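Right, one structure below, let's go through it.
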Amino acid sequence: MASDDCTVHIVDDEESVRKSLAFLLTSAGFTVRVHQSATAFLELAPTLGRCCLVTDLRMPDMDGVELLRHLRQRSLEVPSIVITGHADVPMAVQAMKAGAIDFIEKPFEDAVLIDAIRRGLEDLAATAEAEDVATIRARLALLSDREREVLIGVVAGLPNKTIAFDLDISPRTVEVHRANVMAKMMARNLPQLVRMALAAGFGPK
């Protein structure tokens, strides 16, 4: 999908950041709109069309993860990139489970964000085909019992070592099962795999 087919929405409560990102992405050939809050962005939700979202994590009215959850509740598939100056693994997992395709820690190279957005646009084109619920469930049916157990751990955000301990297998064996799951599910990356599993209602109870 070409960049001019899609609008990149920037959500950040700091005006200087909004202006800086807008300049960067406009210079890279993207159509850009800026929003000073998650609430302001959500007001446009019914009319978003094809778009990609770049949102800060920590904002006063509603944080980035909450924003992504609101989009999911409204069944809006928006490739979303969360940026933050305070990254840690639990927050990254929460962001991905809420629908983020990437989680980028500040400061970052311009190319890192631009590449993430381009991947998001590619995912946007692939999602409609790859994430049809019936298709996902058919792929889930191809998984072995052990692969399904590993996938439950992955969706729960557990590291390989924890999954290995819980299942009484080696971390290397978990890696092999994860690779098999990715292949059978035809997932391009971990965030897409998590989204697919959640869309089919698959995950820890």
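In this note's numbering, the protein residues as written are 28 to 232.
Don't be surprised by glycine CBs; every beta carbon is placed ideally from N, CA and C.
This structure is a prediction, so every number in the text was calculated from the model and none was measured.
Per DSSP, the continuous alpha helix (DSSP H) segment holding glutamate 176 begins and ends at 172–182.
Burial state of proline 106 is buried, judged by a 10 Å Cβ sphere holding 16 or more other Cβ atoms. A check of alpha carbon separations from histidine 204 across Ile110, Glu174, Asp40 and Gln63 identifies Glu174 as the nearest.
Distances from the CA of aspartate 150 to each of Asp193, Leu194, Val59 and Gly126 were compared; the closest alpha carbon is that of Gly126. Apart from sequence neighbours up to five positions away, the residues of its chain that approach lysine 188 with a beta-carbon distance below 7 Å are Pro198, ordered along the chain.
For arginine 166, the enclosing alpha helix (DSSP H) starts and ends at 160–167.
Taking the CA atoms as reference points, glutamine 219 sits about 10 Å from methionine 212. Going by DSSP, glutamate 93 is part of the alpha helix (DSSP H) stretching over 91–100. For glutamate 132, the pairing in a beta bridge is given by DSSP as Thr111.
As the crow flies, the alpha-carbon of methionine 89 is around 14 Å from that of glutamate 41.
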